[in-house]
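Peer 1: Chains as they are written, first to last, in the working numbering: chain A, 932 to 1277; chain B, 932 to 1277; chain C, 932 to 1277; chain D, 932 to 1277. Note that the Cβ used here is the ideal one computed from N, Cα and C, for glycine as well. I have a structure here, written as structure tokens, and I will follow up with some questions on it.
4 protein chains.
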Amino acid sequence: MLRFECDYTQGAAPEIMRRLAETNLEQTPGYGEDHYCAAARAKILSRLGRPDAAVHFLVGGTQANLTVIAAALRSYQGVIAASTGHISVHETGAIEACGHKVLPIPSDDGKIAAAQIDALVDAHWADVTHEHQVQPAMVYLSQPTENGTLYTLAELEAIHEACRKWRLLLYVDGARLGYGLAAPGNDVTLPDLARLTDAFYIGGTKVGALFGEAVVLLDKELQRDFRYHIKQRGGMFAKGRLLGLQFDELFSNGLYERLGRHAVELAMELRRAFEAKGISLRYDSPTNQQFPILTQAQYEALAERYAFSLWEDLGERKAVRFCTSWATDPAAVAALVEDIQGLGNT
Amino acid sequence: MLRFECDYTQGAAPEIMRRLAETNLEQTPGYGEDHYCAAARAKILSRLGRPDAAVHFLVGGTQANLTVIAAALRSYQGVIAASTGHISVHETGAIEACGHKVLPIPSDDGKIAAAQIDALVDAHWADVTHEHQVQPAMVYLSQPTENGTLYTLAELEAIHEACRKWRLLLYVDGARLGYGLAAPGNDVTLPDLARLTDAFYIGGTKVGALFGEAVVLLDKELQRDFRYHIKQRGGMFAKGRLLGLQFDELFSNGLYERLGRHAVELAMELRRAFEAKGISLRYDSPTNQQFPILTQAQYEALAERYAFSLWEDLGERKAVRFCTSWATDPAAVAALVEDIQGLGNT
Amino acid sequence: MLRFECDYTQGAAPEIMRRLAETNLEQTPGYGEDHYCAAARAKILSRLGRPDAAVHFLVGGTQANLTVIAAALRSYQGVIAASTGHISVHETGAIEACGHKVLPIPSDDGKIAAAQIDALVDAHWADVTHEHQVQPAMVYLSQPTENGTLYTLAELEAIHEACRKWRLLLYVDGARLGYGLAAPGNDVTLPDLARLTDAFYIGGTKVGALFGEAVVLLDKELQRDFRYHIKQRGGMFAKGRLLGLQFDELFSNGLYERLGRHAVELAMELRRAFEAKGISLRYDSPTNQQFPILTQAQYEALAERYAFSLWEDLGERKAVRFCTSWATDPAAVAALVEDIQGLGNT
Amino acid sequence: MLRFECDYTQGAAPEIMRRLAETNLEQTPGYGEDHYCAAARAKILSRLGRPDAAVHFLVGGTQANLTVIAAALRSYQGVIAASTGHISVHETGAIEACGHKVLPIPSDDGKIAAAQIDALVDAHWADVTHEHQVQPAMVYLSQPTENGTLYTLAELEAIHEACRKWRLLLYVDGARLGYGLAAPGNDVTLPDLARLTDAFYIGGTKVGALFGEAVVLLDKELQRDFRYHIKQRGGMFAKGRLLGLQFDELFSNGLYERLGRHAVELAMELRRAFEAKGISLRYDSPTNQQFPILTQAQYEALAERYAFSLWEDLGERKAVRFCTSWATDPAAVAALVEDIQGLGNT
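In structure tokens form, the structure reads like this:
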């Protein structure tokens, strides 16, 4: 069985495993106050061109999201997100467990628009009883989205403007950021994110690290006392150097970019194979997740040799998800492409 | 200015004011452990035909909702509600502040259907990653709804069945229950609510009391330690007897029913006046809230003498809300009816 | 049975009952936005000499405490309080339910000292791992304390200085403030509280109102969006005018002061009677609560005709609590004094 | 500089690093549903003799504590702990952030006694206003404690009895459990913990793993829906197999025991060296943490070559902490022993 059902089926990039092994018996201070974390921070800040930013390393994405959002909001405030956003539907109410409502904006492809944000916030303040409603105070985006789509720079700038207008913080979940940066047509860079957001995270778990996410805080107020938040929410990693060391390696010698490109190139091969076969795609994704809409017969044929995820039942057909990753074997993709070519049309 | 903008512009029924005055200097124990509370509880339980129920008196509706819901749910569980429900939109995230997500079901008229509940819960358990989602564990309804509409007994029984099937608790917000019980065509009685729900509250604040809601708990597990919940959430009223005394009076000599009928009869006069004028109503409400759709000219004409609420902007027209209450002066309604009759058609 | 077990056994001052009756059928807007609330606010601000303060009316003390404290603290911050403080032991963890730790300072008589606060906060910041601890950010005092004792102006000024030094907010729970203001020897005035604290509340429930507390917010940041906090925590009272009207009356014609003096003068009669009998007092209380230490025989003798509270078991003797209030009948005190005089010495 | 300041300065046991490398590019399902987790669970359950227990793998100790405690308690309930307990003082209020009060029992050496628990809970229920207090519902112990001390089997059985009597859940934090199991004189085995507690965790982070704790749930109700709790609190580790694989290895070939013995034997060498020198120890610790009380001169002499923690300022002397671990180099201990022998007496 070749597994394409998600992008975290495997361990870490060999470069990372090697450094973990080499440094295993070194003694360092705990809790992220070691020289590996310092080095990784310096490289990230340099890449962003923002020496005033703060970087914290956390173990996973849900933890990053809940820690940042809970740190940012006052108790009566909520965070705007696409109805499909990870915090809206796939974190078991982690944001609500911190006391905050997720304010959903309907979305089909995972993206929301500046105009939708503007309308939601305008309606809040226009209501004379706005104090009886959750006050919108932050916007959460995913780049790429959970559906593989990407915000363009123009879209992100418009959202940035809407946030400035209404004094909302802008936070971007970059669990798969490496796959967005490598996508054909992408025009949003790391420095753009640092310029346009108040916080974002650079995902490691799905992009070459054994585990770990690098949270970047641009907003000064959000930076204050952030380590208290991390500890309180259970995210203070004892051997913090393991995180620092991984990001130090990811941001050396172009590794993060290289891993991203690997996955995306293979995903584009899959995309072309589906399209060549006349199989339409649920979303227009230039990243490592592809969502073909299969007939039942196609579904069953592929399910014999490949693991993939059922995404949406569309009556007679099914939208499914195939993920590539930094670790995907090109031979596995070649085999899959061949099997796609051999599928019947019904 | 005659006020119809809500149903809590005035104090309490004269019978209640009289008893508050008469008993003012009596000495009783605090925190709801006095003989007035005991008497009120006994009358309510008798009316419900459920001696095994528990009755607690709280000051207001948001407090009743958050206390009951927080007491009922485990931390990862959420409560299903209409997208228009009071807990969904008008309590500043009070449920989320207790850690729980409100799971909205789209609704236009304030009601949700058993089939919608069934579909939502089925989808939860059918998803292989349901542990990554908030677990639905309770259904919240309002009777009447925030839009003045009413569940029929058949609808409520169907929802009850859906709840039993999926092991959901059923909770009914009865802020305006007295106006539902008095509505023409209503077939849901207090004993029905006691039979079909796990908890509900009988609203006093909007139906004749100075303030106060009587929370009825049918479910045994929910009854356990409920006074701890009340105290922890700030709802333990020191001079509890004031609440008991009011409900004792409301449930004596048919007062609660009489107050409900007063408001509904006057609301029906308004409804007939709007309909006679060819003014359509946004919702089909048999209760004390009426939602005529006015032209701008009609709106401005009525706004000169009457206070009412803007409900929804419908382009060229506006849906507005007129409320009657237990205290509404028939003369004020007569004046308003006359002014409605005198409105232009555009 | 004559009841001295607490100071909320009775209703409201007759002046208040009269005004509630007189205004009962007036129509006003809800949620504290009426002219009675405005008038009461103006009177309180004028008494305090602080036109820049904000005043909000809440129904009860626990609700006032949890709303103010939750509004003031960031999620990883805690509030310092006497180990005997109401929030430490008698609110079922209401502060913790909002996510915040109460940081207790050991106290015997209900008071804490500036030096204790200083030591606690100093230890926090001196610890290199302070991020692993709750950050102290507020000080909670009660004036009078739960044990009837009072802070002097000098003590309060020293605490104020400690708070300024460490950037802590200072909050005073004034559930029985009227009895403190009236106490012999008291030198802390309402303007002093407005000058030295960031927030405090003037208790109505125990001092002549039917119910209600006036929360005074001096700190600008704490004032921001406070009505959202009130609504979210369940404390937004629909018929807010009832609260405004009561405080308007309490702060008219010296009523609040007069009610306070009434209770304290009667309490001093009790105190003198106990002392004359050689019965020592557990705390040196100049306010309406007195804590005599009784032998078993004395306890049983008084329990025949009077209700009072067991406070602390001291081996062979028992400390008990007798409360007077604004409503205490002087004849009841006279009877009790006579019975104290008739007690045996063992 | 040789580091003895904590027991997590280094990576993982070589056996673990080897298996992580060997399995790095295998594809497995995520979130702990892989065969490595299954194998590790089976080994742990077999060691415990409790096939009915549930085992979940989490990344760190604070996360384990907050997830278990929040899952166990109803909202108004609290957890009893030593005043020195990790959850009381070193988790930035993580338990309070979940809404629960930690109910402290004063402790000098890190342990609490069954009689103290009994007294605290008895006092709760004896108070007529117990509903105004946090209800004790769980006991938290650390084995070994934060001070290196150990509960005996008799002490643990007495606490177990107190918990049964009062219907409290018993939870043991085993962050350093491996060092307790290996301690001279220890008579508490893993099957004893499985028999006497409702939940405990076997610490990996400090005892040979790169990271990870194995949470064991004995109580059936606590087992229910536990994965929802993990996800909601941010603790669902994407590549769960990394945790399973580490515990599979730790519980193979006696590795966990061997690592524990290594640290404890070296700690006993340090202890003997301090005692031989006449340096007294702050706590009587048979485990990997030793707390000598040093003069200023001794402190400064050792600080030149060794990193260790300041624990408590005792006036002229200082209690400090030296930790050994599974990774401590015997040569480093030999050097330290020699330097201890060479210390002056003042």
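For the region 1056–1073 of chain B against the region 944–959 of chain B, are there 3 or more C-beta pairs whose distance is under 8 Å?
Peer 2: They do not touch, by the three-pair rule.
Peer 1: Where does C:Asp-1260 sit, in a helix, a strand or coil, going by DSSP?
Peer 2: Counting from 1 along the third sequence, the entry for residue 1260 of chain C is found at position 329. Correct three-state label for C:Asp-1260: coil.
Peer 1: Is DSSP giving A:Lys-1162 helix, strand or coil here?
Peer 2: As a working mapping, residue 1162 of chain A is identified with position 231 in the first sequence. Reduced to three states, the DSSP call for A:Lys-1162 is helix.
Peer 1: Would you check if there are 3 or more beta carbon pairs closer than 8 Å linking the region 1125–1136 of chain D to the region 979–988 of chain D?
Peer 2: Flag = yes, the region 1125–1136 of chain D and the region 979–988 of chain D touch.
Peer 1: From what residue to what residue does the beta strand (DSSP E) around B:Met-1069 run?
Peer 2: For this step, residue 1069 of chain B is matched to residue 138 along the second sequence. Counting along the chain, the beta strand (DSSP E) containing B:Met-1069 begins and ends at 1066–1073.
Peer 1: Rounded to the nearest angstrom, what separates D:Glu-1092 and C:Leu-1099 at their Cα positions?
Peer 2: Position 161 of the fourth sequence holds residue 1092 of chain D. Position 168 of the third sequence holds residue 1099 of chain C. Cα-Cα distance, rounded: 43 Å.
Peer 1: Is it the case that the CB of D:Glu-953 approaches a heavy atom of the ligand FMN more closely than 8 Å?
Peer 2: The model depicted lacks the ligand FMN and carries no ligand whatsoever.
Peer 1: Report yes or no: is there a C-beta of chain B within less than 9 Å of the C-beta of C:Tyr-1187?
Peer 2: Position 256 of the third sequence holds residue 1187 of chain C. Judged by the 9 Å Cβ criterion, C:Tyr-1187 is not in contact with chain B.
Peer 1: Taking a Cβ distance cut-off of 9 Å, strictly less, list which residues of the region 1060–1091 of chain B are near chain D, in chain order.
Peer 2: The region 1060–1091 of chain B vs chain D, Cβ under 9 Å: Thr-1060, His-1061, Glu-1062, His-1063, Gln-1064, Val-1065 and Gln-1066.
Peer 1: Does any C-beta atom of chain A lie closer than 9 Å to the C-beta of B:Glu-1180?
Peer 2: The sequence position of residue 1180 of chain B within the second sequence is 249, counting from 1. No, B:Glu-1180 lies away from the interface with chain A (no Cβ there is under 9 Å from its Cβ).
Peer 1: For A:Arg-1248, report the span of its beta strand (DSSP E) as first-last.
Peer 2: In the first sequence, the residue the question calls residue 1248 of chain A occupies position 317. 1248–1254 is the extent of the beta strand (DSSP E) around A:Arg-1248.
Peer 1: Let's see if you can read the secondary structure: which residues bound the alpha helix (DSSP H) around D:Leu-912?
Peer 2: This structure gives no information on residue 912 of chain D, because the portion of chain D shown stretches from 932 to 1277.
Peer 1: With which residues is B:His-1061 paired in a DSSP beta bridge?
Peer 2: To locate residue 1061 of chain B, count along the second sequence from 1; it is residue 130. DSSP output for B:His-1061 lists no bridge partner at all.
Peer 1: Going by Cα to Cα distance, which pick from B:Ile-1043, B:Pro-1115 and B:Ala-1234 is closest to B:Leu-1072?
Peer 2: Position 141 of the second sequence, counted from the start, is the residue given in the question as residue 1072 of chain B. Nearest of B:Ile-1043, B:Pro-1115 and B:Ala-1234 to B:Leu-1072, Cα basis: B:Ile-1043.
Peer 1: Reducing DSSP to helix, strand and coil, say where B:Thr-1226 ends up.
Peer 2: Along the second sequence, read from residue 1 onward, the residue named residue 1226 of chain B stands at position 295. If DSSP states are grouped into helix, strand and coil, B:Thr-1226 belongs with the strands.
Peer 1: Does C:Ala-1113 pass the burial test, meaning 16 or more other C-beta atoms within 10 Å, or should it be called exposed?
Peer 2: Taking the first residue of the third sequence as 1, we reach residue 1113 of chain C at position 182. Buried, since its Cβ has 16 or more Cβ neighbours within 10 Å.
Peer 1: Strictly below 9 Å CB to CB, what residues from chain A border C:Gly-1273?
Peer 2: As a working mapping, residue 1273 of chain C is identified with position 342 in the third sequence. Here the premise fails: no neighbours, minimum Cβ distance about 56 Å.
Peer 1: List, in order along the chain, the chain B residues whose C-beta lies closer than 7 Å to that of D:Ala-1001?
Peer 2: Taking the first residue of the fourth sequence as position 1, residue 1001 of chain D is located at position 70. Simply Ser-1006.
Peer 1: Bridge partners for D:Glu-1144 per DSSP, in chain order?
Peer 2: The residue labelled residue 1144 of chain D in the question sits at position 213 within the fourth sequence. D:Leu-989 and D:Gly-1134, per the DSSP bridge assignment.
Peer 1: Have a look at B:Ile-1036 and B:Ala-1050 and give me their C-alpha separation to the nearest angstrom.
Peer 2: Here residue 1036 of chain B refers to the residue found at position 105 of the second sequence. Here residue 1050 of chain B refers to the residue found at position 119 of the second sequence. Approximately 10 Å, taken between the alpha carbons.
Peer 1: Just the chain C side, please: which residues come within less than 8 Å of D:Glu-1022 by C-beta, in chain order?
Peer 2: Along the fourth sequence, read from residue 1 onward, the residue named residue 1022 of chain D stands at position 91. His-1063, listed in chain order.
Peer 1: For D:Ala-943, decide whether its Cβ has a neighbour in chain A, counting only Cβ atoms nearer than 9 Å.
Peer 2: As a working mapping, residue 943 of chain D is identified with position 12 in the fourth sequence. D:Ala-943 counts as touching chain A.
Peer 1: Would you please state the rounded distance, in angstroms, between the beta carbons of D:Tyr-1230 and D:Leu-933? I believe it to be under 8 Å.
Peer 2: Position 299 of the fourth sequence holds residue 1230 of chain D. Position 2 of the fourth sequence holds residue 933 of chain D. Actually they do not touch by this definition, with Cβ atoms about 16 Å apart.
Peer 1: Is the CB of B:Cys-937 under 9 Å away from at least one CB in chain C?
Peer 2: The residue given as residue 937 of chain B occupies position 6 in the second sequence. It does; some Cβ of chain C falls within 9 Å.
Peer 1: Under a CB-based cut-off of 9 Å, is A:Gly-1279 close to chain C?
Peer 2: Lying outside 932 to 1277, the shown extent of chain A, residue 1279 of chain A is not represented and no answer is given.
Peer 1: Do you know whose CA, among A:Ala-1045, A:Gly-1134, A:Asp-1270 and A:Gln-1154, lies nearest A:Trp-1257's CA?
Peer 2: The sequence position of residue 1257 of chain A within the first sequence is 326, counting from 1. Minimum Cα distance to A:Trp-1257 is reached at A:Gly-1134.
Peer 1: Residues of chain D with a CB under 7 Å from the CB of C:Glu-1027: which are they?
Peer 2: As a first step, residue 1027 of chain C must be located in the third sequence, where it is residue number 96. Going along chain D in sequence order, the residues near C:Glu-1027 (Cβ under 7 Å) are Glu-1027, Gly-1030, His-1031 and Lys-1032.
Peer 1: CA-CA distance, D:Phe-1239 and C:Thr-993?
Peer 2: What you label residue 1239 of chain D is simply residue 308 of the fourth sequence in a count that begins at 1. What you label residue 993 of chain C is simply residue 62 of the third sequence in a count that begins at 1. Those two C-alpha atoms are separated by around 45 Å.
Peer 1: Are the C-beta of A:Gly-1009 and some C-beta of chain B separated by less than 9 Å?
Peer 2: As a working note, residue 1009 of chain A is residue 78 in the first sequence. Yes - at least one Cβ of chain B is within 9 Å of the one on A:Gly-1009.
Peer 1: Measuring only the C-alpha atoms, how far is D:Leu-989 from D:Ala-1145?
Peer 2: One-based indexing of the fourth sequence puts residue 989 of chain D at position 58. One-based indexing of the fourth sequence puts residue 1145 of chain D at position 214. Answer to the nearest angstrom: the Cα atoms are 6 Å apart.
Peer 1: Taking the alpha carbon of D:Tyr-939 as the point to measure from, which residue in D:Thr-1259, D:Gly-1273, D:Asp-1270 and D:Ile-1271 has its own alpha carbon closest?
Peer 2: Reading the fourth sequence from its first residue, position 8 is the one you call residue 939 of chain D. With distances taken between Cα atoms, D:Tyr-939 lies closest to D:Thr-1259.
Peer 1: Compare the C-alpha of C:Tyr-1132 against each of C:Arg-972, C:Thr-1255, C:Ala-1169 and C:Leu-1245 and name the closest.
Peer 2: Locating residue 1132 of chain C in the third sequence gives position 201, counting from the first residue. Residue C:Arg-972 is the option with its Cα nearest to C:Tyr-1132.
Peer 1: Rounded to a whole number of angstroms, what is the C-alpha to C-alpha distance between A:Val-1195 and A:Ser-1211?
Peer 2: If you number the first sequence from 1, residue 1195 of chain A lands on position 264. If you number the first sequence from 1, residue 1211 of chain A lands on position 280. Using only the alpha carbons, I get a separation of about 19 Å.
Peer 1: Taking the alpha carbon of B:Ser-1216 as the point to measure from, which residue in B:Leu-1176, B:Leu-1081 and B:Leu-1267 has its own alpha carbon closest?
Peer 2: For the purposes of this step, residue 1216 of chain B is identified with residue 285 of the second sequence, where counting begins at 1. The shortest C-alpha separation from B:Ser-1216 is found at B:Leu-1081.
Peer 1: Just confirm the distance between the C-beta atoms of D:Gln-1227 and D:Ala-985, as a whole number of angstroms; I'd bet it's less than 8 Å.
Peer 2: Position 296 of the fourth sequence, counting from 1, holds the residue named residue 1227 of chain D. Position 54 of the fourth sequence, counting from 1, holds the residue named residue 985 of chain D. Their Cβ separation, rounded to whole angstroms, is 51 Å, which puts D:Gln-1227 and D:Ala-985 out of contact at 8 Å.
Peer 1: Cβ of B:Tyr-1110 within 9 Å of Cβ of B:Gln-1272?
Peer 2: As a first step, residue 1110 of chain B must be located in the second sequence, where it is residue number 179. As a first step, residue 1272 of chain B must be located in the second sequence, where it is residue number 341. In this structure, B:Gln-1272 does not lie closer than 9 Å to B:Tyr-1110 by Cβ.
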